[in-house]
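Novice: Residue numbers (the working numbering), protein chains in the order written: chain A, 1 to 168; chain B, 169 to 595.
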Amino acid sequence: METTLRGFVHKYGKNVDTDVIIPGKYCNIIDPVELGKHALEGLDPDYTAKMKKGDVIVADTNFGCGSSREVAPIAIKGSGTSAVIAKSFARIFYRNALNIGLPIFESPEAVDGIESGDEIELDPATGVIKNMTKGTSFKAAEFPPFMRQLIEAGGLVPYVEQRLAKRI
Amino acid sequence: MGMTLTEKILARHAGLDRVEPGQIINANVDLVLANELSAAVAIGVMRGIKGADKVFDRDKIALVEDHFVPAKDAQSAKLAKLMKDFAAEQQITHFFDVGRGGIEHVVLPEEGLVAPGELIVGGDSHTCTYGALGAFATGMGSTDIAAAFVLGEVWLKVPATIKVVYDGELQPMVFAKDLMLRTVGELGIDGATYRAIEYHGSTVDNLSITGRFTMANMAIEAGAKNGIFHADEKAIAFVKERTNRPFVAERADADAVYERVIAIDASALEPQVACPHTPDNVHPISQVTREDVHVDQVFIGSCTNGYIEDLRIVAKILAGKKISPSVRVIVNPGSQKVWMQAATEGILTTLAAAGCAVNTPGCGACFGGHMGTLGDGERAISTTNRNYVGRMGSPKAEVYLASPATCAASALTGKITDPRVLELAGV
Chain A
1 METTLRGFVH
11 KYGKNVDTDV
21 IIPGKYCNII
31 DPVELGKHAL
41 EGLDPDYTAK
51 MKKGDVIVAD
61 TNFGCGSSRE
71 VAPIAIKGSG
81 TSAVIAKSFA
91 RIFYRNALNI
101 GLPIFESPEA
111 VDGIESGDEI
121 ELDPATGVIK
131 NMTKGTSFKA
141 AEFPPFMRQL
151 IEAGGLVPYV
161 EQRLAKRI
Chain B
169 MGMTLTEKIL
179 ARHAGLDRVE
189 PGQIINANVD
199 LVLANELSAA
209 VAIGVMRGIK
219 GADKVFDRDK
229 IALVEDHFVP
239 AKDAQSAKLA
249 KLMKDFAAEQ
259 QITHFFDVGR
269 GGIEHVVLPE
279 EGLVAPGELI
289 VGGDSHTCTY
299 GALGAFATGM
309 GSTDIAAAFV
319 LGEVWLKVPA
329 TIKVVYDGEL
339 QPMVFAKDLM
349 LRTVGELGID
359 GATYRAIEYH
369 GSTVDNLSIT
379 GRFTMANMAI
389 EAGAKNGIFH
399 ADEKAIAFVK
409 ERTNRPFVAE
419 RADADAVYER
429 VIAIDASALE
439 PQVACPHTPD
449 NVHPISQVTR
459 EDVHVDQVFI
469 GSCTNGYIED
479 LRIVAKILAG
489 KKISPSVRVI
499 VNPGSQKVWM
509 QAATEGILTT
519 LAAAGCAVNT
529 PGCGACFGGH
539 MGTLGDGERA
549 ISTTNRNYVG
559 RMGSPKAEVY
569 LASPATCAAS
579 ALTGKITDPR
589 VLELAGV
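As structure tokens, this is what we get:
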């Protein structure tokens, strides 16, 4: 399980889609660091220039809608972004983020209570989101039990290894 | 309490008598799909799984080269080769290279790789297209696809189902695309997130299989996990012409529980257009054409509308005419078979004579990859499925989504045009 994350917030609106997270023309790149150089380019071309390692993306509803491209969460992670907080996530992005180990937090209250530039601290284990700038605290929705098991196993790959081992 | 069609298929593939929305299941898959982009990442993940040297069943994996091919550059060629080499190493039965396949979602049904009642996962969000034939089909990312390659099963959360009922006869020049754009407009782009869409009603009963592909294809545009039709005689005949594999064409129970039921009056529908920059920004064409909306590019193709039936509609409208001098028109037949059929019927010649550029099948233009990328300040009307900022190239470009008929009419005038106007004019 990851330790506490800390960074500054970059806040965006609703329906941040995978085409703006990583435009199609970059989808033939598979190196996470290279992908990371173009994270959010379609939405905010300055994102990678202004963000610092550990910073957090905060967004409204339906974050990651559109394509199934796993390079979307890979690009965000590759940019050095430590986590995404949103009011809700699109289905495939949610799965992909968990699978590749990009911490995501679902919390409408936190999104409403955080502004761009705020410094926040996140605990992926408990889902606690602390706004250090404003002195407030929020708790993200808990992952359903099955997904918690997946996360605790270290992601989908160890889970697959466990299932394969059982078959032998 | 009965089950919806999606619930029945999931229960059977999980070896359970019944399932409930929200339940997490492990389900066996009948087919796992990837293209060269999703496969490249999935293959890398699979190499890292201890004890996973082989795919679960070399006959139940389909690998289709379609996104950046014919290779746009050396990096794209590398990914295409990576998948081709993997297919050879794993002796994958259903590998489709350039010239022998086309767009994955057009290819798989036409090759008999999709049948009613099957469970299919694919490394592409438009995998939901196969719901047209009564299959449960959903898109996933590459790590999930790698897991499915190895295990032949996936974990799924059973979705609640939204039933959409379409009744009434479509007016001339109004098509399945218009019905589905209206549906995405009604639901909103997150209106069906984590849900299944089950299509019902006399209008969709009367639709061709192609029309159902178009509608199931865009279920994801409302955020849905899958979109599904009941396999009727038409669908069963389509499948039996292509495979002799046994399948189960089940039906939703009469007392199935739906989260919502939405009714759409198809008879009142006029052609629809999704305006920039979301697929749910849908308006009747009479509103869109109140002002002249000039376009620089018209695109005909994609897994939404790259079928022979679509090309026939476009050819009928463009036959013997010239496209407007101010536009370029790019046509991508959806597959090699569609391309060949269009050639046989003289459609390719008709389109070329009208001034259209006819490309080889592929996904390139639709997602801003290559072969039809938009520049700053350009505007396109397209038969594709998404119009997010930057979808077809520059973030400063605009994309309008419409039916092949509306796109063809717009090609003639150089501005977004109601195809019914052409109809009245005897075009």
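C-beta atoms are modelled at their ideal positions from N, C-alpha and C, and glycine is treated no differently.
Because the structure is a prediction, the values reported are computed rather than measured.
(1) Consult DSSP for residue 38(A) and reduce its assignment to one of helix, strand or coil.
(2) Of all Cβ atoms in chain A, is any one closer than 8 angstroms to the Cβ of residue 436(B)?
(3) Out of curiosity, what's the CA-to-CA distance linking residue 85(A) and residue 555(B)?
(4) With DSSP run on the structure shown, which of helix, strand or coil describes residue 509(B)?
(5) Between the stretch 297–313 of chain B and the stretch 332–339 of chain B, do three or more beta carbon pairs fall short of 8 angstroms?
(6) Name the chain A residues that come within less than 7 angstroms of residue 292(B), Cβ to Cβ?
(7) Quick check on this structure: which residue in 517(B), 388(B), 254(B) has the alpha carbon closest to the alpha carbon of residue 215(B)?
(8) Express the C-alpha separation of residue 87(A) and residue 108(A) in angstroms, rounding to a whole number.
(9) Compare the beta carbon distance of residue 201(B) and residue 311(B) with 8 angstroms and say whether it is the shorter of the two.
(10) Which residues of the stretch 209–241 of chain B have a Cβ closer than 8 angstroms to any Cβ of chain A? Give them in chain order.
(11) Quick one, are the C-beta atoms of residue 223(B) and residue 203(B) less than 8 angstroms apart?
(12) Cutting at 7 angstroms between CB atoms, please list the residues of its own chain near residue 194(B), excluding the five before and the five after it.
(13) For residue 407(B), which three-state DSSP category applies?
(14) Pick helix, strand or coil for residue 68(A), following the three-state DSSP scheme.
(15) Could you name the residues of the same chain whose beta carbon sits closer than 7 angstroms to that of residue 429(B), not counting the 5 residues immediately before and after it, in chain order?
(16) List, in order along the chain, the chain A residues whose C-beta lies closer than 7 angstroms to that of residue 315(B)?
(17) Which residues of chain A have a Cβ atom closer than 7 angstroms to the Cβ of residue 563(B), listed in chain order?
(18) Have a look at 291(B), 199(B), 557(B) and flag the residue whose alpha-carbon is nearest the alpha-carbon of residue 209(B).
(19) Measuring CB atoms only, is the stretch 554–574 of chain B touching the stretch 438–452 of chain B, in the sense that at least three cross pairs come out at less than 8 angstroms?
(20) Using 8 angstroms as the cut-off, can you tell me whether the stretch 126–145 of chain A makes contact with the stretch 384–396 of chain B, which would need three or more C-beta pairs spanning the two stretches below that distance?
(21) Counting only beta-carbon atoms, is residue 536(B) nearer than 8 angstroms to chain A?
(22) For residue 26(A), which residues from the same chain have a beta carbon less than 6 angstroms from its beta carbon, with the 5 sequence-adjacent residues on both sides left out?
(23) State yes or no: is the beta carbon of residue 556(B) nearer than 8 angstroms to at least one beta carbon in chain A?
(24) Given residue 524(B), which residues of its chain have a CB within under 6 angstroms of its CB, disregarding the five upstream and five downstream residues?
(25) Helix, strand or coil, according to DSSP, for residue 400(B) in the structure here?
(26) Is residue 299(B) helix, strand or coil when you go by DSSP?
(27) Measure the C-alpha to C-alpha separation of residue 186(B) and residue 173(B) and round it to an integer number of angstroms.
(28) With DSSP run on the structure shown, which of helix, strand or coil describes residue 373(B)?
Specialist: By the coordinates alone:
(1) Here residue 38(A) is taken as the residue at index 38 of the first sequence, counted from 1. Residue 38(A) falls in the coil class under three-state DSSP.
(2) Mapped onto the second sequence, residue 436(B) falls at position 268. Not closer than 8 angstroms to any Cβ of chain A, the Cβ of residue 436(B) fails to qualify, so no.
(3) Working through the first sequence from its first residue, we reach residue 85(A) at position 85. Working through the second sequence from its first residue, we reach residue 555(B) at position 387. Answer to the nearest angstrom: the Cα atoms are 25 angstroms apart.
(4) Looking up residue 509(B) in the second sequence gives position 341. Residue 509(B): helix per DSSP, three-state reduction.
(5) no
(6) Counting from one through the second sequence, the residue named residue 292(B) turns up at place 124. The contact set of residue 292(B) on chain A, defined by CB atoms closer than 7 angstroms, consists of 68 in chain order.
(7) Within the second sequence, numbered from 1, the residue matching residue 215(B) stands at position 47. Per the Cα distances, 254(B).
(8) As a working note, residue 108(A) is residue 108 in the first sequence. As a working note, residue 87(A) is residue 87 in the first sequence. Cα to Cα, the separation comes out at about 4 angstroms.
(9) By 1-based counting over the second sequence, the position of residue 201(B) is 33. By 1-based counting over the second sequence, the position of residue 311(B) is 143. No, they are not a contact pair.
(10) Answer in chain order: 209, 212, 213, 216, 217, 218, 219, 220, 235, 236, 240, 241.
(11) Within the second sequence, the letter at position 55 stands for residue 223(B). Within the second sequence, the letter at position 35 stands for residue 203(B). No, the Cβ-Cβ distance between residue 223(B) and residue 203(B) is not below 8 angstroms.
(12) Translated into the one-based positions of the second sequence, residue 194(B) becomes position 26. So the list reads 182, 321, 323, once near-sequence residues are dropped.
(13) Counting from 1 along the second sequence, the entry for residue 407(B) is found at position 239. In the structure shown, residue 407(B) adopts helical secondary structure according to DSSP, grouped into three states.
(14) What you label residue 68(A) is simply residue 68 of the first sequence in a count that begins at 1. Three-state DSSP puts residue 68(A) in coil, outside helix and strand.
(15) Position 261 of the second sequence, counted from the start, is the residue given in the question as residue 429(B). Contacts found: 331, 333.
(16) In the second sequence, residue 315(B) corresponds to position 147, counting from 1. Here the neighbours are 156, 160.
(17) One-based indexing of the second sequence puts residue 563(B) at position 395. 42, listed in chain order.
(18) Within the second sequence, residue 209(B) is the residue found at index 41, counting from 1. It is 291(B) whose Cα lies nearest to the Cα of residue 209(B).
(19) yes
(20) no
(21) Counted from its first residue, the second sequence places residue 536(B) at position 368. Output row for residue 536(B): interface = yes.
(22) The residue given as residue 26(A) occupies position 26 in the first sequence. So the qualifying residues of the chain are 38.
(23) Translated into the one-based positions of the second sequence, residue 556(B) becomes position 388. So, interface residue.
(24) Taking the second sequence and counting its residues from 1, the one referred to as residue 524(B) is at position 356. Excluding sequence neighbours, residue 524(B) sits near 497, 499.
(25) Position 232 of the second sequence holds residue 400(B). Residue state, collapsed to three classes: coil.
(26) Counted from its first residue, the second sequence places residue 299(B) at position 131. Correct three-state label for residue 299(B): helix.
(27) Position 18 of the second sequence, counted from the start, is the residue given in the question as residue 186(B). Position 5 of the second sequence, counted from the start, is the residue given in the question as residue 173(B). Taking the straight line from one Cα to the other gives about 12 angstroms.
(28) As a first step, residue 373(B) must be located in the second sequence, where it is residue number 205. In the three-state scheme derived from DSSP, where H, G and I count as helix and E and B as strand, residue 373(B) is classed as helix.
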